[in-house]
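Heads up, the thing below is written out as structure tokens.
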Amino acid sequence: MKKSILLILLFNMACSIGPKPIAYGKTGCHFCKMTVVDKQHAAQLVTKKGKVYNFDASECLVNHLKDIDAETVELLLVNDYDHPGELISVHEATFLISEGIPSPMGAYLTAFGNKEAAQKALKVHGGELFTWQQLQQRFN
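Laid out in structure tokens, this is it:
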């Protein structure tokens, strides 16, 4: 009896739909196939079925979205530049395109966990701020 309960709990945990830790330096980008190493620019997509796709840069995630059915997506996450390795929702992020902050794929795209941090980086590095919706329009 105890073994069956344990198996059910393990199965439910394995099938949960949510972000998964990115194995930096080991995981390949689903879009460009480069190794994901940058903890300030990586991104992740989680489908409604729980499948996780990792990206080495936010621009790879944005470009990948052009090729898939948006109805299959449960979560879209990006690293918070000021908190390396911390994934945040794209809907909460403020994005900065600035040549002062290089990103892995050369789009100079960086995500910040809050608008104040993005505005501070804008003052230092220059560039242009975007919401997630504005960013998608720019890349389309």
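Residue 14 in this note's numbering sits at position 14 of the sequence shown; the count goes up by one each step and never skips. By construction, the Cβ of each residue, glycine as well, lies at the ideal position given by its N, Cα and C atoms. Since we're looking at a predicted model, the values are computed, not measured.
For residue i, name the three-state secondary structure that DSSP assigns.
i           : result
residue 72  : helix
residue 62  : helix
residue 117 : helix
residue 83  : strand
residue 124 : helix
residue 136 : helix
How far does the beta strand (DSSP E) with residue i in it reach, from first residue to last?
i           : result
residue 31  : Unbroken run through residue 31: none, as it is neither H nor E.
residue 97  : 94-97
residue 110 : 109-112
Tell me the DSSP bridge mates of residue i?
i           : result
residue 44  : 54, 77
residue 89  : 77
residue 130 : 95
List the whole-angstrom C-beta distance separating residue i from residue j, where the pair is believed to meet the contact cut-off of C-beta under 8 Å.
i           : j           : result
residue 20  : residue 52  : 5 Å
residue 85  : residue 48  : About 25 Å; that fails the 8 Å criterion.
residue 129 : residue 118 : 6 Å
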